[in-house]
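Numbering-wise (UniProt numbering), the sequence shown opens with residue 1 and increments by one. Beta carbons: idealized from backbone N, C-alpha and C, even for Gly. The model shown is predicted, which means the values in this text are computed figures rather than measured ones. Comments concern the structure below.
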Amino acid sequence: MSREIETVQVGNWVVTPKLNKIKHVETMAEHVVTPKVMMLLTTLIENRNCPLSVDELAQLVWPDRVVSDNSVYQAVAMLRKVLNEDSDIHDYIERISSQGYRIVPQVEIVRVDSAPQEKNRSAPLNILIGALITVTCIIVITKLFNSLVKSSPVNDPYFESVSLAQHLASKKRAEKIIKAKQIYSEVLEKNSQHTGAMSGLCNTYMALATYGSLPESKVEPLCRPLLEAAIKLDSNSVDVLTSMARLETLSKNYNVAIRYFSKALDLSGNSPMLWYWDGRYYRETNNLNEALKADLKAFRLAPNDPTVLRGLAYTYLNLRDLKSARKYFERSVEIAPHIKNIPLYQLDFYPLNIELAESYRNWFTTHIEDHTKMYPLHRLSHILFLLSIGNSKDPQEEFEKIKPSQRASSFGLYVEAAISWHQQDKAKAVTLLKQRYLLAPQDSHYVMPYIMGLYQTQKFKEANRIFEKHFSEISMMNHQVRGNVGNYLLYSFILQGLGEHEKVAAIQKLMADQLAIRSAIKPRYLPYWHFLDGDQQKVVSSLFELLNTGWLPDANDNMFVVEMFSGLIEDEQIRSSWLIKLEDIQKNVRQQVTTLP
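Following this line, the structure appears as structure tokens:
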């Protein structure tokens with residue numbers, strides 16, 4: 001098919017090669033692609049009856065120069081990303097193992113600009129070309145048949161052993177994973193070049209670091225030699241590519257990781273762990289929308305895999321969708337309650353209380369040294385925990401141990417702001433929160449702490465401006481109250497600071513109309529509600545009730561909460577009594593928590 005053709009319809013897309021445009025016939029979504037991506041599409045259309053290998057595509061799309069396989073993989077990935085937006089067709093381009101790429105046969109291709117007489121004149125030629133292509137395909141498939149049979153898993157002499165090891169490892173139990181590890185090791189003793197066993201053995205190391213007692217810091221030195229040898233033997237193994245991408249992501253070698261992800265996804269889109277690690281890569285590089293897409297694909301492929309579920313939960317958490325985050329985290333715990341790091345993960349999904357603090361303390365004594373070697377940024381989370389239990393001395397020392405580049409991350413800025421706030425350097429804290437907010441000023445996942453900092457420093461006008469920019473539905477009272485109680489309460493306090501008492505009253509009425517206050521508002525929000533209602537007695541009783549039920553301030557959630565709560569109590573003596581009781585509780589918890597190694 002020539003680029004001279006004006007228009008061609010591919011499935012639900014109208015393609016105009018001369019303009020490099022692809023337009024959806026129903027949604028009217030339009031994309032302008034690069035000339036090489038358009039050339040790739042027209043080449044696939046022209047050869048639609050026979051798959052084209054990577055080498056063939058490289059020669060046809062880049063006839064004037066030599067390009068790497070990665071150029072082809074990236075072009076295919078870009079084309080897929082556009083075409084697969086169509087909800088009616090799951091995948092426009094398929095890869096046939098050992099043969100190459102083609103447009104799936106179910107996709108209808110129609111030349112929109114072809115005149116009837118032109119079709120009639122070219123019919124004999126088209127028949128001849130079609131016959132030649134069909135014969136060529138038959139020859140290629142025949143030549144490949146024997147090699148496909150030889151490479152089939154059932155012809156692997158170690159098929160039974162490897163499949164059993166895969167089954168055992170999938171059980172997510174330490175004793176089963178250890179048995180799988182033993183089987184993979186036995187296979188490699190007999191055949192040191194078995195790539196499936198190499199990748200599988202690495203997977204057991206990773207699993208034992210999650211479900212067993214293997215230190216996480218030992219995973220990379222155990223895995224890397226295996227995977228580097230495996231990828232030399234089989235550079236097209238999706239399992240090996242996935243493991244390499246995972247390893248490079250954990251090592252923060254993102255530029256290397258993305259190359260493995262691109263190639264692996266190009267080879268197969270049916271690996272849940274590949275999509276999981278792709279999502280983690282995007283999450284760690286702060287591309288949350290792409291992370292969510294990848295995590296949802298992993299979830300659809302493996303809806304009961306605890307690792308996949310946990311990845312999806314963390315992406316929702318970063319997007320500030322706490323309801324969805326907890327839903328998938330709790331599903332992961334229900335399926336695999338024996339994961340050793342659950343006490344650590346819980347601190348991210350639930351408000352801190354004495355029970356969670358004690359659970360974390362027990363985890364801390366056993367696993368913290370190794371975990372920090374593998375994940376040095378855990379120091380940031382631990383600093384917030386120390387602040388939450390009233391430790392005002394150690395957080396600054398811990399923060400100084402962190403590399404400057406890591407301090408400049410969004411999380412590093414938040415932690416430094418929390419330390420500054422607890423040191424009473426409020427101006428610095430708000431400046432740091434603004435710096436963090438400006439990393440993504442169009443999104444809402446960094447804005448709330450900055451708004452709260454502005455409110456706490458009585459910059460009500462600026463707090464109101466930014467709140468109404470990011471939460472316009474709430475400011476216009478068009479958003480349902482349930483699920484947004486905290487936002488409505490904060491907005492009410494900002495308005496109260498501005499003296500807009502009529503609107504505060506309107507919000508109170510809206511909340512009262514939609515909620516049965518006592519049962520629908522969580523205990524940590526009740527003091528704010530009673531304060532707006534002017535009921536000091538209930539403010540005091542609800543705050544002391546929080547302490548009696550094991551509540552602790554959670555700097556990970558709200559670094560300002562102690563001052564916000566104590567500021568609700570008008571009587572100075574009662575306020576002092578509440579703070580003393582809180583300090584006693586915090587002291588009891590922190591006595592058994594040491595600093596990091």
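- The C-alpha of Phe-399 lies about 8 Å from the C-alpha of Glu-416.
- Within the same chain, no residue comes within 7 Å of Glu-228 by CB-CB distance, once the 5 residues on both sides are set aside.
- Distance check between Lys-373 and each of Pro-51, Ile-402, Thr-195 places Ile-402 closest, using alpha-carbon atoms only.
- Beta-bridge partners of Thr-16 (DSSP): Lys-21.
- Annotated as proximal: Ser-332 and Arg-310, with beta-carbon spacing under 7 Å.
- With a cut-off of 8 Å on Cβ pairs, the stretch 165-172 is in contact with the stretch 193-205, counting three or more such pairs.
- The continuous stretches of alpha helix (DSSP H) do not include Arg-482, and DSSP gives it neither H nor E.
- In this structure, the beta-carbon distance from Asn-464 to Ile-494 falls below 7 Å.
- Taking C-beta atoms under 8 Å as the contact rule, Glu-30 and Lys-21 qualify, at a distance of about 6 Å.
- Minimum Cα-Cα distance from Gly-212 among the listed residues Leu-532, Ala-298, Ala-180, Ser-243 corresponds to Ala-180.
- Contact check between the stretch 240-251 and the stretch 168-187: fewer than three CB pairs, one atom from each, fall below 8 Å, which does not count as touching.
- Straight across, the Cα-Cα distance linking Lys-263 with Tyr-205 is about 24 Å.
- Here Ile-96 has Pro-51, Arg-102 as same chain residues with Cβ atoms under 8 Å from its own Cβ, once five neighbours each way along the sequence are excluded.
- Shown here for Gly-100: same chain residues with a beta carbon closer than 6 Å to its own, the five before and five after excluded, namely Pro-51, Leu-52, Ser-53 in chain order.
- Within the same chain, Tyr-158 come within 7 Å of Asn-191 by CB-CB distance, once the 5 residues on both sides are set aside.
- Nearest in C-alpha terms to Gln-591, of all of Leu-317, Pro-63, Ile-389, Asn-253, is Ile-389.
- Distances from the alpha-carbon of Pro-105 to those of Lys-23, Asn-49, Leu-413 put Asn-49 closest.
- Leu-543 sits away from Pro-553, with the two beta carbons spaced by 7 Å or more.
- Sixteen is the threshold: since fewer than 16 other Cβ atoms of the shown chains lie within 10 Å of the Cβ of Ser-576, the residue is exposed.
- The continuous beta strand (DSSP E) containing Glu-30 extends over residues 30-32.
- Counting the other CB atoms within 10 Å of its CB gives Arg-65 a total below 16, which places it among the exposed residues.
- DSSP places Tyr-73 within a helical segment (H, G or I) once states are collapsed to three.
- Buried is the label assigned to Val-540, since at least 16 other Cβ atoms lie within 10 Å of its Cβ.
- The secondary-structure analysis by DSSP pairs Trp-551 across a beta bridge with Asn-353.
- Annotation for Glu-94: the continuous beta strand (DSSP E) segment containing it runs 93-96.
- Looking from the CA of Gln-496, the closest CA among Gly-534, Ile-521, Leu-352 belongs to Gly-534.
- The C-alpha of Trp-363 lies about 23 Å from the C-alpha of Lys-327.
- Separation of the CB atoms of Tyr-92 and Arg-111 is rounded to 17 Å, and the pair is thereby denied contact status at 8 Å.
- Of Ile-231, Asp-266, Gln-182, the smallest CA-CA separation from Ala-75 is found for Asp-266.
- According to DSSP, Leu-52 shares a beta bridge with Tyr-101.
- Straight through space, the alpha carbons of Ala-298 and Phe-531 are spaced by roughly 45 Å.
- Cβ-Cβ separation between Val-72 and Leu-57: approximately 5 Å, consistent with a contact (criterion under 8 Å).
- Spatial neighbours of Leu-433 in its own chain (CB-CB distance under 8 Å, excluding positions within 5 residues in sequence) are listed in chain order as Leu-413, Tyr-414, Ala-417, Pro-449, Tyr-450, Gly-453.
- It is roughly 6 Å from the alpha-carbon of Asp-278 to the alpha-carbon of Ala-294.
- When the alpha-carbon of Ala-408 is set against those of Gln-423, Lys-393, Leu-439, the nearest one is in Leu-439.
- As for any alpha helix (DSSP H) of minimum length 4 sitting wholly inside the stretch 411-468, the runs are 426-437, 447-456, ordered along the chain.
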